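Letter by letter, the sequence shown follows residues 1 to 213 in the working numbering. From the three backbone atoms N, C-alpha and C, an ideal C-beta is built for every residue, glycine too. Quick caveat, the model's predicted, so the values are computed rather than measured. What follows is a set of notes on a single structure, which appears directly below.
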Amino acid sequence: MSEAPPEHVRPDQLFALLWANKDKRPPNEGEGADPELARMFDDMDERFDTPPPPEHRLGPETCARLWEHAIACPDCRLLLIEDGPGARPPKTAAQLEQEQLDRDEQRRKQVIKFWIDLIVGTAFFAGAFVTLQIIRGAKVVDQAETTLRAVRDKPLDPRYVLFAILILGASWFLAEAYTIARDLWIDFTAWKRAVPIIGEKWVERDKRKKRGG
């Protein structure tokens, strides 16, 4: 019967593992010296003075087994040295629930803002269209009697200014509505994943951004 493969250290266990072993700093020189691991302990800040939430703490046997494995396994050792000092305590269930409530509230506000931007942007666009039709209907120029001086001295029709303002307003609000819709409802994950070479990394980076990591 073959032995079960060794259990590797997961990133979510990193803080609890280091907190439980924070007093095991090896010496820089002499017997049992491990300069790399010693530097890692030196880089750990005051976050590790506070224990992780009870539900995320490791039992003594699990902690000892993972620590022994992490020191010997190249991949887990690299995880300790590179990510260990920056590890953060896992969030409690109450914190996760509050974050979800905050996200839901933020989404609700975004949905309301989307509809406001869409309605206002559409109104601005309709106003610009009507203004343009009025300008075209009122523009009666007799080319045979028009001279260069007459064109030069002709004052700017204020309706052109109104048209420009309405177009700018429509562009602003509709662009905001599109941005909100893209964030809330349009999923470009499949397209990003299809990009050669960098597609998967692109998707993973976006996921980390959404998680705030």
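Short Cβ contact (9 angstroms threshold) for residue i with residue j
{"i": "N21", "j": "C76", "result": "no"}
{"i": "I81", "j": "R25", "result": "no"}
{"i": "L37", "j": "L79", "result": "no"}
{"i": "D221", "j": "F41", "result": "In this structure the chain extends from 1 to 213, so residue 221 is not present and cannot be described."}
{"i": "Q110", "j": "I180", "result": "yes"}
8 angstroms contact criterion, which residue i and residue j should meet: CB distance rounded
{"i": "A170", "j": "F114", "result": "A170 to F114, Cβ: 15 angstroms. No contact."}
{"i": "D43", "j": "P74", "result": "So it is not a contact: roughly 20 angstroms between Cβ atoms."}
Cα-Cα separation, residue i to residue j
{"i": "L156", "j": "R205", "result": "51 angstroms"}
{"i": "Q100", "j": "P11", "result": "22 angstroms"}
{"i": "A126", "j": "L168", "result": "12 angstroms"}
{"i": "T122", "j": "A138", "result": "24 angstroms"}
{"i": "I135", "j": "L162", "result": "11 angstroms"}
{"i": "R57", "j": "A16", "result": "6 angstroms"}
{"i": "L18", "j": "I71", "result": "12 angstroms"}
{"i": "E46", "j": "A93", "result": "23 angstroms"}
{"i": "W217", "j": "V120", "result": "Since the first residue shown for the chain is 1 and the last is 213, residue 217 is missing from the structure and cannot be characterised."}
{"i": "E7", "j": "E55", "result": "20 angstroms"}
{"i": "P196", "j": "I112", "result": "37 angstroms"}
{"i": "W185", "j": "Q95", "result": "26 angstroms"}
{"i": "I198", "j": "V9", "result": "27 angstroms"}
{"i": "T147", "j": "D183", "result": "Low confidence applies to T147: its pLDDT is 49, below 50, so where it sits in the model is not reliable enough to give any reading."}
Residue i CB to nearest heavy atom of the ligand SAM below 8 angstroms
{"i": "R25", "result": "Ligands displayed in this structure: none; no statement on the ligand SAM is therefore possible."}
Pairing CB atoms from the region 124-134 with CB atoms from the region 99-116, are three or more of them under 8 angstroms? no
Inter-stretch contact at 8 angstroms, needing at least 3 Cβ pairs: the region 45-58 / the region 81-95: yes
Counting only runs that start and end within the region 53-124, where is the alpha helix (DSSP H) found for 4 or more residues in a row? 60-72 and 74-83
Run through the region 150-181 for me and flag every whole beta strand (DSSP E) of 3 or more residues, listed as ranges in chain order. Fully enclosed beta strand (DSSP E) runs of 3 or longer: not present.
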